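Residue numbers for the sequence shown follow our numbering, so the first one is 1 and each next one is one higher. Where is the CB? At the ideal position from N, CA and C, for every residue including glycine. Just so we're clear, the structure is a prediction, and the values are computed from it rather than from any experiment.
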Amino acid sequence: MPDPLRELFHLLERTPWTTSVGAPLGEDEDALPDATSALATFPTEGVGVVRGLLSRRRAEALAAALCRVEELGLPPVFVYALDAFWEPLARLVPIVEELIGPAEVLADGWAWNIPPRSGLSGWAPHRGVYEPLRQSDGRPSVVNVWIALSDVTVDTACMHVVPLTKDPGYPDALRREPFDVTHARPYPLEAGSALFWDACSLHWGGPMREGATNARTAYSLTLRARGAPGLEGLDAVESFEKLSLHERLELVAIQILRYGSLAEVPRPVVDWAGLLGALRDRHGPVKNREGEHGAGRTPV
Numbered sequence: 001m002p003d004p005l006r007e008l009f010h011l012l013e014r015t016p017w018t019t020s021v022g023a024p025l026g027e028d029e030d031a032l033p034d035a036t037s038a039l040a041t042f043p044t045e046g047v048g049v050v051r052g053l054l055s056r057r058r059a060e061a062l063a064a065a066l067c068r069v070e071e072l073g074l075p076p077v078f079v080y081a082l083d084a085f086w087e088p089l090a091r092l093v094p095i096v097e098e099l100i101g102p103a104e105v106l107a108d109g110w111a112w113n114i115p116p117r118s119g120l121s122g123w124a125p126h127r128g129v130y131e132p133l134r135q136s137d138g139r140p141s142v143v144n145v146w147i148a149l150s151d152v153t154v155d156t157a158c159m160h161v162v163p164l165t166k167d168p169g170y171p172d173a174l175r176r177e178p179f180d181v182t183h184a185r186p187y188p189l190e191a192g193s194a195l196f197w198d199a200c201s202l203h204w205g206g207p208m209r210e211g212a213t214n215a216r217t218a219y220s221l222t223l224r225a226r227g228a229p230g231l232e233g234l235d236a237v238e239s240f241e242k243l244s245l246h247e248r249l250e251l252v253a254i255q256i257l258r259y260g261s262l263a264e265v266p267r268p269v270v271d272w273a274g275l276l277g278a279l280r281d282r283h284g285p286v287k288n289r290e291g292e293h294g295a296g297r298t299p300v
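Spelled out as structure tokens, the structure:
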């Protein structure tokens, strides 16, 4: 295990979930979620905004924790080992369920902290899924949620999404390239707000422009309608607070194996994730191995 990861591992194992990095933050009493826009636009366009999912104070606290993880020399995706980054689900899930019905959270996401330097950008245009996944009533099966932890503008790499009603590749040519981005819309967000989109939607992170003054800090979550098709190979996260440290780090490793090629993940961390992935493929998830002569322990 690379030294920074060893440091985080032992920090969390020594005082589980009560450290300054990983402590659960509890109820976000100042948050005032407004899903009016998302409820109006998502059913037809496949994209919508929820203002104030988190209070600014909570968003800043999460951004600070993310930066602390980076200071340890680790990629931001390690925030998924921390309770505080899953707590917004208490407000998020009911909103998503208004859009797609009863939903489950998947072990699928990434986190970003893009410095304000011209030439940097978010990920290139892509779709979360490349088939038109729908429930029997026509509603989407899978929703991606992108939560801004800093103020994000067109100058600081805000997300861009092509509404499904304007996407010539939807629904029959989702894999056709080059992607037609003619009708893309930028979605600037205040810290604490969230962008929802149908996982079929074409989306990407814009560029950092000359004169940008703040980093673009954010993370994503993925939800699927219960019993619906799509992303069958991913585990559902039923009760995150009950996951052991080893299960949390295995979840992080899986994200690195899925998305690490899109981000600048240090080679030692990629190798560590590959080792955990190989153990999972050979012996099953760590939750099935914990307590068996120490076999469930994360390699250090």
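| said: According to DSSP, is histidine 183 part of a helix, a strand, or is it coil? | reply: Indexing the sequence shown from 1 puts residue 183 at position 183. Residue state, collapsed to three classes: coil.
(Q) Is the beta carbon of aspartate 155 closer than 8 Å to that of glycine 192? (A) The residue labelled residue 192 in the question sits at position 192 within the sequence shown. The residue labelled residue 155 in the question sits at position 155 within the sequence shown. With contacts defined as CB atoms closer than 8 Å, glycine 192 and aspartate 155 fail to qualify as a contacting pair.
Whole-Å CB distance - proline 88 paired with asparagine 113, under 8 Å assumed:
Within the sequence shown, residue 88 is the residue found at index 88, counting from 1. Within the sequence shown, residue 113 is the residue found at index 113, counting from 1. By a beta-carbon distance limit of 8 Å, proline 88 does not contact asparagine 113. Their separation comes to about 18 Å.
* **Start-to-end residues for the beta strand (DSSP E) that takes in serine 220** => On the sequence shown, position 220 is the one that residue 220 refers to. Serine 220 -> beta strand (DSSP E) spans 216 to 225.
So who's on the other strand from glycine 205, going by DSSP bridges? One-based indexing of the sequence shown puts residue 205 at position 205. DSSP lists Met159 as the bridge partner or partners of glycine 205.
To which residues does DSSP link valine 152 through a beta bridge?
One-based indexing of the sequence shown puts residue 152 at position 152. For valine 152, which the question treats as bridged, DSSP gives the partners Leu189.
Discussion item. Looking only at its chain, what residues have a beta carbon closer than 8 Å to the beta carbon of leucine 133, apart from the 5 residues adjacent to it on each side?
Written reply: For the purposes of this step, residue 133 is identified with residue 133 of the sequence shown, where counting begins at 1. By the criterion of a C-beta distance shorter than 8 Å, leucine 133 is surrounded in its chain by Pro140, Ser141, Val142, Ala199, Cys200, Ala228, Pro229 and Gly230, once the five residues flanking it on both sides are discounted.
* For tryptophan 272, does the three-state DSSP call read helix, strand or coil? -> Along the sequence shown, one-based indexing puts residue 272 at 272. Helix.
* Who does glutamate 104 pair with in a DSSP beta bridge? -> As a working mapping, residue 104 is identified with position 104 in the sequence shown. Note: glutamate 104 sits in a beta bridge opposite Arg224.
Q. Which value, in whole angstroms, describes the spacing of the CA atoms of valine 49 and arginine 209?
A. On the sequence shown, residue 49 is found 49 positions in, with the first residue counted as 1. On the sequence shown, residue 209 is found 209 positions in, with the first residue counted as 1. Answer to the nearest angstrom: the Cα atoms are 23 Å apart.
(Q) Measuring only the C-alpha atoms, how far is asparagine 144 from histidine 203? (A) Taking the sequence shown and counting its residues from 1, one reaches residue 144 at position 144. Taking the sequence shown and counting its residues from 1, one reaches residue 203 at position 203. When only Cα atoms are considered, asparagine 144 and histidine 203 end up about 10 Å apart.
query = Do proline 188 and threonine 222 come within 8 Å of each other at the CB atom, strictly closer than that value?
reply = By 1-based counting over the sequence shown, the position of residue 222 is 222. By 1-based counting over the sequence shown, the position of residue 188 is 188. No, these two residues do not count as a Cβ contact at 8 Å.
Nearest-angstrom Cα separation, counted from leucine 279 out to alanine 124:
If you number the sequence shown from 1, residue 124 lands on position 124. If you number the sequence shown from 1, residue 279 lands on position 279. For alanine 124 and leucine 279, the distance between alpha carbons rounds to 31 Å.
**Prompt:** Cα separation between alanine 107 and alanine 84?
**Reply:** By one-based count along the sequence shown, residue 107 stands at place 107. By one-based count along the sequence shown, residue 84 stands at place 84. Distance between the alpha carbons of alanine 107 and alanine 84: 16 Å.
Counting Cβ pairs, one atom from each stretch, are 3 or more of them under 8 Å apart for the segment 231 to 243 and the segment 66 to 74? The segment 231 to 243, when compared against the segment 66 to 74, does not touch it at the 8 Å Cβ threshold.
- Item | For aspartate 112: DSSP bridge partner residues | Residue 112 sits at position 112 when you count from the first residue of the sequence shown. The amino acid occupying residue 112 in the given sequence is tryptophan; aspartate does not appear at that position. The partner list for tryptophan 112 (beta bridge, DSSP) reads Ala218.
request  = Tell me where the alpha helix (DSSP H) around leucine 245 begins and ends.
outcome  = Stepping through the sequence shown from its first residue, residue 245 is reached at position 245. Where leucine 245 is concerned, the enclosing alpha helix (DSSP H) stretches over 245 to 259.
With DSSP collapsed to three states, give me the class of valine 129. To locate residue 129, count along the sequence shown from 1; it is residue 129. Looking at valine 129 - three-state DSSP - the assignment turns out to be coil, as it is neither helix nor strand.
* Going by other Cβ atoms of all chains shown within 10 Å of its Cβ, with 16 needed for buried, is serine 136 buried or exposed? -> Within the sequence shown, residue 136 is the residue found at index 136, counting from 1. Serine 136 is exposed by the Cβ-count criterion.
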